[in-house]
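Q:
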Amino acid sequence: MSTHTYKKNEDGNAGVLPDKMTVYQECLQACNASPIQAKKCRKLLSRLLRLFYAGEGFPRVESTNLFFSISKLFHNNDPALRQIAYLAIKELCSHSDDILMITASIMKDIQSGDPVYKPDAVRTLSRVLDASTIHSAERLFKNSIVDSNQSISSSALVSSFHLLPVAKETVKRWVNEAQESITASKHFPTSQYTQHEFSGYNQVPSSTYIHQYHALGLLYQFRNTDKMSLIKMIQQLTERRSLNSSLAQVQLIRFVEKLILDDPQFINSLWPLFVSWLNHKSDMVELEAAKLILTHSSKFSNEQQMNAITTLQSLLSVPRTVTRFAAVRILNKVAIKDSDKVGVCNLELEKMINDQSRSISTYAITTLLKTGNIESVDRLVKAISNFMDEISDEFKIIVIDAIRTLSLKFPTKYKSMLSFLNDVLREEGGFNFKNAIVEAIFDIIKFIPESKATALEMLCEFIEDCEYTELSVRILHLLGNEGPKTSNPSTYVRYIYNRVVLENSIVRSSAVIALSKFALINDVELNKSIKILLKRSLQDIDDEVRDRAVLSLKLLESKDLKDAKAYLQPKFKYSLNILEQELAKYVNNPDKSSFQEPFNINSVPKMTEDEFKAFELKEKLLGKITGSNDENMDSLSSTPDESKSNSNDNLNNVSDMTKYTLQQQEYQNELALLPEIGQYGSLLKSSAPVELTEKETEFVVTAVKHIFEEHLVIEYNIENTLDDIILENVNVISQFDTEGYTEEFTLPIEKLQPHEKGKVYASIARPSSSDDKKYLLASMANALSYVTKDVDADEDEEGFPDEYQIEELSIIPGDFIIPSYINDFTKQWDELPVEESAVYNLGDSESIDLQSVVDRLIITMSMMPIEATEVVKSGVNNHTLKLSGRSISDSKVLAIVKFAISSKGVMMKTVVKGTEADLVESLANYIE
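So for the sequence shown, full-length UniProt numbering puts the first residue at 1; every next one is plus one.
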């Protein structure tokens, strides 16, 4: 149908929902009419379904009337009418009474075996039955699962999922049929419609094997708690090559992913499966296997990762556009962390720069920007310029972010980068596009000082015609900070004052503050001119502009400019996230509702300008900032569920230091609400969660250690995973293996319902700060104590007391160390007086992944990696890790860990320096 014909026949009221009562009355009349007019009924039922899908329901009485009226349509033999009637019945089941009355009619269609009616009948029957009536239809479901028609089999398998919440034990008895359905051959349904549709062909289409995907999902529901049973099923299906469905193979790979995330030891035994998947005939299977390996690269060896890279390299040249897109997208993500591995694909990536799909060419060019060397920068930038006009703003942003990363990677090429950014800044585009360019220029100014004059001039020209208030404000703020530091600051005053004259009140307010900063430099003539310009703003019509002008003049006219510099050019930067939390807590505190006590700004962490810049540079180079290249790409190609998940996980979008501080703040707020613990004072340190049980056990327990000045508080997070057991008086019994720690009290959980989580707190007295053993290490044996009751038990029933043994919990040196950033590692290393070292042999190099060892060591020592030493380059035999932290007593602790791979194994030498001898010694000599 042509577009013109479609437009002419399009319903002008397509977006308007039909009237509910009109549809209700007309449906009752049409369904009770004699004879039944099939075409009219189909049209009315489609309107009814539209109301249901739009969330418009009916009261229970009306729903019941509709339910039984529509059930009369089963006497009609029109196939299309019967199918839409089943759809309506399914929607009405949850809102109607006496729905079991229709069971006999549905079962009749199932027993008839007609492939036109049977799939819909099976799906509808699963919505009608409940736990007490499913037994009467159990044989029908079993036969449907093993039916030779894959449409019927899939309907029965999907229906089994819907029945799990109401009759799980019954559905468990269908496991053998689901297993048989996977291996049995099925054929494509050949109803009168499919026969007519394919009458011009020699044969009907082959089976899509979708039933295997559904059967595999159902089997997983019963085996996901038994790892060995699940592994056996995976290996059998792969060895026998029973799965012909690519979707089922992808599902199988995702099951394996969950297994290895819980226990990486399974990788070696399951690796032959990965080899078969990486060489599979289906592109989607190869992509999924490669994605799993490279996403969790720390769990796989370099050789295994290169196998995945080789598979993706071969997929870059296939004719299918979607396959090339998926392959280059995975490589792009890998290039962020390890560009050396992706370098082998550069030849294929360069061929894709001129790909017909601009999405693919954008990914290819941005990947090359991450893997290329300094000699190829100019050529790549020129290639980008050729197709910037042909791509959307979203992909332009991706390119701009890649250019920003490349600028920081190769600072000497800033001129060509700024020239490119200046050209695209002049082009048409929305706010997000312009903002990405401005962000890139900001970073170049911050981290490449020699580019400052050129970049600031570009920004001055941009704000002359900038239509976005937010960008103008940010640029003015930057000009106020950086302009006074240039050799000729008066150059920028004219551009800033133009904003005072020509722009809206928000921009004028920012321009006033920016002008004030130029008066802080030692230039008498410039200072005099700035004050004259500020006095003109005293007549502004906007209150905010006048107030800022008055404040600035008052500060500048004081004899000592110390206060003015402290206000206009602060030396420290505060964490805005934590500042917001502290202010909210201060305002909402009922004890300080009168605000007689001032807000304590010292409770907010701060960093010097140099520390902030150095730390921010590291984050940007690793692509960890909000709005980075990788996140923009995910927003373009991830599923809605993935996008929602990513947007909810806000901690992934902040730096490591901010993430740590926010978590500590959250713990502090939670503990302060407990009267018994809130009086302990300031929280010095909280550890990362420690797992004390397996995730598949009856009770899942994790622990967090909170260190106070004189107390240690253990927070036990407990989850009851049982379906039919209630736990009461849940507590943890602990016993230390050394003297020095004394348990004071515990705060148990009164009741823990099935699948409910709760927290037990144990307060322990620790050696005081004046004691020589204030950093005392220890281990504590733990046992979970509780009283069990059945869900259906009476309230007065006493229950059965029981205990459950859980893992030991250790107090380690890292529990007394807070990760912190330092600017000059070598200088501060030489200044620390106490030094301790230790050497370890970690074992055979073939069984140890150096990157995973480094990651684990950073967590165990609770220190911050410095100078990007946490990234281990592939193929190296030596690596040096630099770590920085401070003790809970606020003394510096630095560590250098050297790794060497030889024929003797992986050797590790740990050297720790600090000012507290006992902490330095225990940290150097501790290893898990």
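All C-beta atoms, glycine included, are put in the ideal place defined by N, C-alpha and C.
Roughly how many angstroms lie between the CA atoms of R47 and A215, to the nearest whole one?
A: Position 47 of the sequence shown holds residue 47. Position 215 of the sequence shown holds residue 215. Each residue's alpha carbon lies about 34 Å from the other.
Q: Could you check which residue in S385, P411, F410 and K409 has the C-alpha nearest to that of V399?
A: As a first step, residue 399 must be located in the sequence shown, where it is residue number 399. Among S385, P411, F410 and K409, the Cα nearest to that of V399 belongs to S385.
Q: Opposite P865 in the DSSP bridges: which residues?
A: As a position in the sequence shown, residue 865 is number 865, starting the count at 1. Partner(s): L883.
Q: State the DSSP-derived secondary structure class of S199, mapped to helix, strand or coil.
A: The count along the sequence shown starts at 1 and reaches residue 199 at position 199. In this prediction, S199 scores a pLDDT of 34, lower than 50, which makes its location untrustworthy; the coordinate-derived value is nonetheless stated afterwards. Note: S199 maps to coil in three-state DSSP.
Q: Throw me the rounded Cβ distance for the Y468 and F442 pair, which I believe falls under 8 Å.
A: Position 468 of the sequence shown, counted from the start, is the residue given in the question as residue 468. Position 442 of the sequence shown, counted from the start, is the residue given in the question as residue 442. At roughly 15 Å, the Cβ-Cβ gap does not stay under 8 Å, so Y468 and F442 are not in contact.
Q: With distances taken Cα to Cα, identify the nearest neighbour of K43 among E928, V512 and Y24.
A: One-based indexing of the sequence shown puts residue 43 at position 43. With distances taken between Cα atoms, K43 lies closest to Y24.
Q: How would you write the range of the alpha helix (DSSP H) that A519 sits in, first residue to last?
A: On the sequence shown, residue 519 is found 519 positions in, with the first residue counted as 1. Careful: A519 lies outside any alpha helix (DSSP H) and carries neither H nor E.
Q: Going by beta carbon distance, what residues of the same chain come within less than 6 Å of I733, once the five residues before and after it are set aside?
A: By 1-based counting over the sequence shown, the position of residue 733 is 733. Correct list, in chain order: A783 and S785.
Q: Could I get the ranges of all uninterrupted beta strand (DSSP E) runs contained in the region 782 to 821, with 3 residues as the minimum, in chain order?
A: Within the region 782 to 821, the complete beta strand (DSSP E) runs of at least 3 residues are 800 to 811 and 817 to 819.
Q: Alpha carbon to alpha carbon, what distance is there between L456 and I437?
A: Translated into positions along the sequence shown, residue 437 becomes position 437. Translated into positions along the sequence shown, residue 456 becomes position 456. Distance between the alpha carbons of I437 and L456 is about 13 Å.
Q: Using the Cβ count rule (16 or more neighbours within 10 Å means buried), how would you classify D849?
A: Reading the sequence shown from its first residue, position 849 is the one you call residue 849. D849 is buried by the Cβ-count criterion.
Q: Check whether the Cβ atoms of R499 and R508 sit closer than 8 Å, and answer yes or no.
A: Indexing the sequence shown from 1 puts residue 499 at position 499. Indexing the sequence shown from 1 puts residue 508 at position 508. Contact flag set, yes.
Q: Inspect the beta-carbon positions of L674 and F708 and report whether they are closer than 8 Å.
A: Here residue 674 refers to the residue found at position 674 when the sequence shown is read from its first residue. Here residue 708 refers to the residue found at position 708 when the sequence shown is read from its first residue. Contact: no.
Q: Are the region 268 to 286 and the region 238 to 253 in contact at 8 Å, needing three or more beta carbon pairs?
A: Because the criterion of three Cβ pairs below 8 Å is met, the region 268 to 286 and the region 238 to 253 touch.
Q: Quickly, what does DSSP pair G758 with across the bridge? List them, please.
A: Here residue 758 refers to the residue found at position 758 of the sequence shown. Answer is I718, bridged to G758.
Q: Are at least three pairs of beta-carbons, each pair with one atom in the region 739 to 752 and one in the region 841 to 848, less than 8 Å apart?
A: Cβ pair count under 8 Å is below three, so no.
Q: What would DSSP say about V16, mapped onto helix, strand or coil?
A: Your numbering for residue 16 matches position 16 in the sequence shown. Residue state, collapsed to three classes: coil.
Q: Report all residues from its chain with a CB closer than 8 Å to the CB of P489; omit the five preceding and five following residues, and keep chain order.
A: Working through the sequence shown from its first residue, we reach residue 489 at position 489. Within the same chain, P489 has close Cβ partners G483, F518, I521, D523 and L526.
Q: Spatial neighbours of K892 within its chain, please: CB distance less than 7 Å, with the 5 preceding and 5 following residues excluded, ordered by chain position.
A: Here the question's residue 892 lines up with position 892 in the sequence shown. Once the five neighbours on either side are set aside, the close Cβ partners of K892 are Q828, L832, R886, G914 and T915.
Q: In whole angstroms, give me the CA-to-CA distance for T124 and D393.
A: If you number the sequence shown from 1, residue 124 lands on position 124. If you number the sequence shown from 1, residue 393 lands on position 393. Near 46 Å, if we compare the C-alpha coordinates of D393 and T124.
Q: Name the DSSP beta bridge partners of I725, please?
A: As a working mapping, residue 725 is identified with position 725 in the sequence shown. BP columns for I725 point to D790.
Q: Tell me where the beta strand (DSSP E) around N688 begins and ends.
A: As a first step, residue 688 is located in the sequence shown; it is residue number 688 there, counting from the start. Looking at the sequence provided, one finds Ala at residue 688 rather than Asn. Taken as a continuous stretch (DSSP letters only), A688 belongs to no beta strand (DSSP E), as it is neither H nor E.
Q: Count the other CB atoms, across all protein chains shown, that sit within 10 Å of the CB of D792; report buried if there are 16 or more and exposed otherwise.
A: Within the sequence shown, the letter at position 792 stands for residue 792. With fewer than 16 Cβ atoms within 10 Å of its Cβ, D792 is classed as exposed.
Q: Report the rounded CA-to-CA distance for E557 versus I530, giving the unit in angstroms.
A: Along the sequence shown, one-based indexing puts residue 557 at 557. Along the sequence shown, one-based indexing puts residue 530 at 530. Rounded to whole angstroms, E557 to I530 spans 12 Å at the Cα level.
Q: Along the chain, where does the alpha helix (DSSP H) that runs through V473 open and close?
A: In the sequence shown, counting from the first residue as 1, residue 473 sits at position 473. First-last of the alpha helix (DSSP H) with V473: T469 to E482.
Q: Residue 993 bridges to which residues according to DSSP?
A: In this structure the chain extends from 1 to 928, so residue 993 is not present and cannot be described.
Q: Could you compute how far the alpha carbon of G55 sits from the alpha carbon of F68?
A: By one-based count along the sequence shown, residue 55 stands at place 55. By one-based count along the sequence shown, residue 68 stands at place 68. Computed Cα separation, rounded: 21 Å.
Q: Going by DSSP in three states, I749 sits in which element: helix, strand or coil?
A: Counting from one through the sequence shown, the residue named residue 749 turns up at place 749. In the structure shown, I749 sits in a strand (DSSP, three-state: E or B).
Q: Which residues does DSSP list as the beta-bridge partners of H296?
A: Residue 296 sits at position 296 when you count from the first residue of the sequence shown. According to DSSP, which records beta bridges pairwise, H296 is partnered with nothing at all.
Q: To which residues does DSSP link Q735 through a beta bridge?
A: On the sequence shown, residue 735 is found 735 positions in, with the first residue counted as 1. DSSP lists A781 as partners of Q735.
Q: Between R358, V342 and P689, which lies nearest to T367 when the distance is taken from Cα to Cα?
A: For the purposes of this step, residue 367 is taken as residue 367 along the sequence shown, with counting starting at 1. Selected option, being the one with the closest Cα: V342.
Q: Spatial neighbours of L294 within its chain, please: CB distance less than 7 Å, with the 5 preceding and 5 following residues excluded, ordered by chain position.
A: Working through the sequence shown from its first residue, we reach residue 294 at position 294. The answer, listed in chain order, is Q305, A308, I330 and V334.
Q: Buried or exposed for Y53, please, with buried defined as at least 16 other CB atoms from any protein chain shown within 10 angstroms of its CB.
A: Here residue 53 corresponds to residue number 53 of the sequence shown, with the count starting at 1. That one is exposed.
Q: Do L459 and I444 have their beta-carbon atoms positioned less than 8 Å apart in this structure?
A: Residue mapping note: residue 444 aligns to position 444 of the sequence shown, counting from 1. Residue mapping note: residue 459 aligns to position 459 of the sequence shown, counting from 1. Their beta carbons are not under 8 Å apart, which means I444 does not touch L459 by this criterion.
Q: In the DSSP assignment, the beta strand (DSSP E) including Y840 goes from what residue to what residue?
A: Mapped onto the sequence shown, residue 840 falls at position 840. V834 to N841 is the span of the beta strand (DSSP E), which, as asked, contains Y840.
Q: Inspect the CB distances between the region 790 to 805 and the region 856 to 863 and report whether three or more fall short of 8 Å.
A: Touching, no.
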